[in-house]
Structures are given as structure tokens and as C-alpha cells.
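Undergrad:
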Amino acid sequence: MTAEHLTLSPELLDAVRRISSTEHLLVALDFDGTLSPIVDRAEDARPLPRSAAALESLAELPRTTTALISGRALDSLRLVASPPAGTLLIGSHGAEVWLGEGSLGLELDDDQRQKLAAVREVLAEIVNIAPGTVLEDKPAGVVLHTRMADDDVAEDAVEAATRVLSKHPGVYLKTGKRVLETSVVHASKGEAVEFLRQATGATAILFAGDDVTDEDALGRLMGDDVGIKVGLDFTQAQFRVEAPVHVAELLEALLKERRRVTAEA
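Residue numbers (my numbering): 302 to 566.
1) I'd like the ranges of any alpha helix (DSSP H) spanning at least 4 consecutive residues and lying wholly in the segment 488-556.
2) With distances taken between CB atoms, is the gap from K490 to I320 smaller than 9 angstroms?
3) Mapping the DSSP letters down to three states, classify G477 as helix, strand or coil.
4) By a C-beta neighbour count over all protein chains shown, 10 Å radius and 16 as the cutoff for buried, is H487 buried or exposed?
5) Apart from the five residues on each side of it in sequence, which residues of its chain come closer than 6 angstroms, Cβ to Cβ, to F496?
6) What does the Cβ neighbour count give for F508, buried or exposed, with the cut at 16 atoms within 10 Å?
7) Is H446 near V435, with beta carbons less than 9 angstroms apart?
8) With distances taken between CB atoms, is the gap from I529 to V546 smaller than 9 angstroms?
9) Rounded to whole angstroms, what is the Cα-Cα separation between V340 and A346?
10) Going along the chain, which residues of its own chain have a beta-carbon closer than 7 angstroms to the beta-carbon of M302, five neighbours each way excluded?
11) As a quick exercise: from T476, D376, G372, D412, pick the residue whose alpha carbon is nearest that of P470.
12) Give the list of continuous beta strand (DSSP E) stretches no shorter than 3 residues that lie fully inside the segment 427-479.
13) Sort F540, A458, A564 by Cα distance to S310 and report the nearest one.
14) What residue from L389, K416, S393, H394 has the CA that sits closest to G585's CA?
15) Which residues mark the beginning and the end of the beta strand (DSSP E) in which A329 is found?
16) By a C-beta neighbour count over all protein chains shown, 10 Å radius and 16 as the cutoff for buried, is A441 buried or exposed?
17) Measuring CB to CB, does L519 end up less than 9 angstroms from Q537?
18) Nearest-angstrom Cα distance between L551 and L375?
19) Kindly indicate which residue of T365, D457, P385 has the alpha-carbon position closest to the one of I506.
20) On the premise that L326 lies in contact with R559, defined as a C-beta separation below 8 angstroms, what is that separation, rounded to the nearest angstrom?
21) Output the boundary residues of the alpha helix (DSSP H) element that contains I320.
22) Identify whether A368 lies in helix, strand or coil by the three-state DSSP scheme.
23) Could you tell me the alpha carbon to alpha carbon distance between K475 and L481, rounded to whole angstroms?
24) Ignore the nearest five residues each way along the sequence and tell me which others in E503's own chain have a CB closer than 6 angstroms to its CB.
25) Closer than 6 angstroms by C-beta to A450: which residues in its own chain qualify, once you throw out the five before and the five after it? Chain order, please.
26) Which residues in the same chain have their Cβ closer than 6 angstroms to the Cβ of S383, if we skip the five residues on either side of it in sequence?
27) Can A386 and A360 be called in contact, C-beta distance under 9 angstroms?
28) For E402, which three-state DSSP category applies?
Structure below.
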């Protein structure tokens, strides 16, 4: 049976119905591997149409806030996600925050800029000798992408980068699916979830994500929150779906229930 023919578990559907009745719902989602399938070229990623449509409708409901929490830089996230109006955006794993007009951009100090230049120099040297690896610049860091490299090349490149950069004070490393994320700003998706809870006054959060870095967010959920892992990797999430197509089904189910609850209020 293909992934497209699978459906959400009864337990997850029950959780969707339960969280839909909360006073103020925050729907926070990772992008790559969650709203969008993973692709070789980051700039080619797009949300599945069903997911995009459901998210847009959720964003229009009363007492409901939508947010994207991504490792991407905000400019990249806006370009590929085309988020609905009013959707809050967290980029660079929490280092960049957009809560609407007037939100201040990320500003590095002189020390952080020097550290960032040093990080890029180290990674550029590795990319020059590791075929299939590429760099992506972000406002607070540089990402080493290895998705298009042979497995042994990817492993050696990440190992070399980690060995060197772990000796640089004030440089933070995160590993994900065929990426090594570096940053000169300490941030995490877990901190982002907690920040959004306070900023929005959410009484419950539904969060879905697929990568190792999303575990930081899943680990900060509590009480009436619902956490969903996308994929088959290890997770601390309460629930799991196999692929982004199931996230679309999840969002459609959530929209149906939340629309009914808010219409009755």
C-alpha cells in the first residue's frame, strides 16, 4: 500500500478533536519534510497544495494562530513557503523571528561577524575537496549540505567540519538530515515554541516536524499540546505520520474540527 493510501490513526484523530476545542490554538509547523517533501535543491521545495490550502484556511479562523518554525533563513522560508497572511515566522532554528510589521531583523555584533567569517572559511575549504557538498549562507550561520554527495564523502565532510568547528568558542553546531548547521547565535526550535506560546497566549500547541532539530520543539510540548513526528526516525512525539502527504490530511482534519468549534463559539 502506498503512503498516499494510508490514513491517520484513530488516536491521532482523537487528539485533533481534543485540541481543536482549546481557547487559543497555535498551529506551529516545520517546513522541509513536513509541509514540503524533501528535495535535492533547497530552492525547489514547495508546500503540498493540500497543506498550503488547509494552513491558509486555519490562519483565517478566530482564536487560531499559525506559525512556521524552520531551519531556513527567513528570506528563504518566505520564498518557498509563501506563508498565509498573519502566519508568524521563525527562521534559522529560532535565531530569526518575524511577528508582523515592525519586527526587528537579526543584527550580529562585531565578534559574531568575525566568528561567522571564520566558520565560512573552514566550511569553504571542506566543500572545495568534497564533491557534491555545497554551502548555504544564513544571517547567523552557514549550512553544509551533503544531500548530493556520496555517503562516504558526506560523512567525512561532516566529521571534518565538526572536528574543527567544535574547537571554535561561540559557534553552535546542529546535525540534521544530510546537513550540518552552524550558527554564531544560540537558538533552538524548542526555545522558539516556548517564545511563541508566550507571544500568542496559546492555550495549546499542535507542532509537527520531521528532523532531529524538531525534537527540541517536541520536547518542550506539555499538557494539552499535540506533537507529531513526520517520518520513521526516533522521536519523543506522542504521534507519528509517515510523510508530508499525511500532514496534509492532518491539517485538513484539524481545519474541519477547528472550524466547527470556532463557528459554535
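We put the CB at the ideal spot given by N, CA and C, even for glycine.
TA: According to the structure shown:
1) 490-501, 515-519
2) no
3) strand
4) exposed
5) none
6) buried
7) yes
8) no
9) 6 angstroms
10) At M302, the pLDDT of 34 sits below 50, so the modelled position is not reliable; the number obtained from the coordinates is stated separately. Cβ neighbours of M302 beyond the five flanking positions: none.
11) D412
12) 435-439, 442-446, 473-477
13) F540
14) Only positions 302 to 566 of the chain appear in this structure, which leaves residue 585 out of reach.
15) 326-330
16) buried
17) yes
18) 25 angstroms
19) T365
20) 6 angstroms
21) 311-320
22) strand
23) 6 angstroms
24) In the sequence on display, residue 503 carries Ala and not Glu. Result list for A503: H325, L327, in chain order.
25) G433, T434
26) none
27) yes
28) coil
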